[in-house]
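-15 is the number of the first residue of the sequence shown in the working numbering; add one for each residue after it. Even glycine gets a Cβ: it sits at the ideal position worked out from N, Cα and C. Keep in mind that this is a model prediction, so the values were computed, not measured. The next block holds one structure in the form of structure tokens; read it before the comments.
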Amino acid sequence: MRTLAIIGSGPAGFYTAEAALKTFGEDVRCDIIDRLPTPYGLIRAGVAPDHQSIKAVSRRYEAVATDARVRFVGNVTIGEDVSVEELTGLYDDVVLAIGAPLDKPLGVPGSELPGVMGSAAFVGWYNGHPDFHDRVPPMAVEGAVIVGNGNVAIDCARILAKTVGELSDSDIVGDALMPDLRSGLRRVHILGRRGPHQASFTLKEVGELGELELATPLVRPEDFPPVEADAALETGQRRVVEVLRKFAAAGPDPEKRVVVQLDFFHRPLKVLGNGRVEAIEVMRTRLDADGRAVDTGETEIIPCGLVVAAIGYRTSPVPGVPYDTDAGRFANVDGLISDGLWCVGWARRGPSGTIGTNRPDGFALVERLAAVERSGGKPGPAGLDALLAGRKVKVAYFADWQKIDALEVSRARPGAPREKIATLDELRRVIAD
Ligand code: NAP
């Protein structure tokens, strides 16, 4: 019997479990451990609340979690309730699938001012992640600045710019709807240090900026290279650039109240404010011959009450596990950290790709892991149960999650799929009895 502990119940964790079931057949037991009592990681707390179709993949994960060979073991924190070293003693293989939950710091003066936050905190707050329940961003602002030119930046801008009505069928937490506060917003800037050709947006996300009820995109025509240069782009990027060119040609819709301004060739220099964010000073940039952003020396000041840095993520270090500080993920060779200890998904390769990218990643890891013979005899799940019972840890199994799920669904606003429980205390209360 092969025994696996997968730490992290997001997409990477579930695809790895699915691969293990396919590869080892009946001859496997798989525990998916999570520090939260709720499964699904980024699907629940990272994917935008208005992208419900992407979240539907959790049904596939549910089929894995309810397989007799698999257990969801929630409310168990690695490094507190049980160590990685203990797990490698209990299971044949331990796979770290903990994603990249930490924000890459903005690192400019003034970043510590209230009203500056990373996208993990901002997205986590509106998605009801218990870690960020208290990180309430200022929403009564006329101007907001999102730093970064990836899909997370677009998600943040879109969630700010949407009306309460547009978010009614999403699972955004009720606190984040704030109807009175949203009405004052006029400008959302998305700062990119490079140009439209270098943006990391995908077609659907950029297209949605043109479909907002009260918000309209603004792109400056002078930020584009000559149109002939688009031919050198790969198809996906060329389509993104075509949409951006359409926005630039159309100009912002004067009937719409909020302008979502794509400020290409701008990088943050300094956050300004007295006790809270009042503005951000930015440097105009241009591309050098190697495609890097270099300063032009021209600066400007953008007034704003909220700055969100959506510039990438880092994996949380885990005691005793080698960490690559420069890359912000575990030190590994093709997923192998050390004998019996592996990593997968963002914890292996860094924060790139879509949810679906984690499926081949999980399958490839299990192929490598299966190539290593194990002598067997480790206690596996029974050993973990004994250890956690001895430490009086209250495990949240999948049935406990189903209780939370049912309660959230029953509390949903009209038209919404659920109202999330966003504090650890309340989540734990639900599963207490
Ligand atoms: P990303 O796609 O890597 O974009 C990060 C952006 O931050 C880049 O534009 C980068 O610019 C910029 N940046 C990095 N450091 C910076 C700095 N110090 N100052 C200014 N700008 C800086 O990351 P992401 O948006 O966090 O997304 C992570 C992954 O999740 C991506 O693969 C993304 O596609 C995926 N995702 C997908 C969806 C979806 O499919 N709907 C939604 C959300 C996220 P440079 O290019 O110049 O380095």
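- The three-state reading of DSSP puts residue 77 in strand, counting E and B together.
- Each residue's CA atom was taken as its position, placing residue 323 and residue 75 some 12 Å apart.
- Taking C-beta atoms under 8 Å as the contact rule, residue 173 and residue 247 qualify, at a distance of about 5 Å.
- Counting C-beta pairs closer than 8 Å gives fewer than three between the region 88 to 101 and the region 6 to 23, which falls short of the contact rule.
- The closest heavy atom of the ligand NAP lies less than 7 Å from the beta carbon of residue 189.
- Judged by beta-carbon spacing, residue 178 lies within the 8 Å limit of residue 249, meaning their Cβ atoms are closer than that value.
- If you ignore the 5 residues before and after residue 285, its C-beta comes within less than 6 Å of the C-beta of 263 and 265, all in its own chain and listed in chain order.
- Residue 101 is bridged by DSSP to 292.
- In this structure, residue 240 keeps its C-beta atom at 8 Å or more from the C-beta atom of residue 299.
- Residue 48 places its beta carbon less than 8 Å from that of residue 1.
- Shortest gap from the CB of residue 35 to any heavy atom of the ligand NAP: under 7 Å.
- For the pair of segments examined, the region 370 to 377 was found to touch the region 58 to 65: the number of CB pairs separated by less than 8 Å reaches three.
- Under the Cβ criterion (8 Å, minimum of three pairs), the region 111 to 130 counts as touching the region 160 to 167.
- In this structure, the ligand NAP has no non-hydrogen atom nearer than 7 Å to the beta-carbon of residue 247.
- Contact between the region 197 to 216 and the region 313 to 323 is absent, with fewer than three C-beta pairs closer than 8 Å.
- With respect to the 8 Å criterion, residue 78 and residue 66 are not classified as neighbours on the basis of their beta carbons.
- Selection 260, 82 and 152 evaluated against residue 402 yields 152 as nearest (Cα-Cα).
- Residue 276 and residue 176 have their C-alpha atoms spaced approximately 12 Å apart.
- Boundaries of the beta strand (DSSP E) harbouring residue 254: 250 to 256, taken from the DSSP string.
- Taking 8 Å as the cut-off, the Cβ atoms of residue 94 and residue -6 do not count as close.
- In this structure, residue 82 sits near residue 331, with a CB-CB distance shorter than 8 Å.
- Closest in alpha carbon position to residue 21, among 56, 116 and 342, is 56.
- In summary, residue 211 is exposed, with fewer than 16 beta-carbon neighbours lying within 10 Å of its beta-carbon over all protein chains present.
- Rounded to the nearest angstrom, the Cβ distance from residue 156 to residue 33 is 4 Å, consistent with a contact under 8 Å.
- Here the alpha carbon of residue 391 sits roughly 13 Å from the alpha carbon of residue 412.
- The shortest C-alpha to C-alpha distance from residue 64 to any of -14, 377 and 198 is the one to 377.
- Annotation for residue 407 indicates a beta carbon at 7 Å or more from all heavy atoms of the ligand NAP.
- Sixteen is the threshold: since fewer than 16 other Cβ atoms of the shown chains lie within 10 Å of the Cβ of residue 344, the residue is exposed.
- For residue 392, the uninterrupted alpha helix (DSSP H) segment begins and ends at 382 to 394.
- One thing to note: residue 8 has its Cβ no nearer than 8 Å to the Cβ of residue 44.
- Among the bridge pairs identified by DSSP, residue 201 is matched with 244.
- Under the DSSP assignment, residue 331 falls in the alpha helix (DSSP H) whose first and last residues are 330 to 333.
- Looking at the DSSP output, residue 110 shares a beta bridge with no other residue.
- Counting only runs of 3 or more residues that sit fully inside the region 167 to 231, the beta strand (DSSP E) segments are 171 to 175 and 199 to 203, in chain order.
- Each residue's CA atom was taken as its position, placing residue 132 and residue 361 some 49 Å apart.
- Residue burial is scored here from C-beta neighbours: residue 364 has at least 16 other C-beta atoms within 10 angstroms and is therefore classed as buried.
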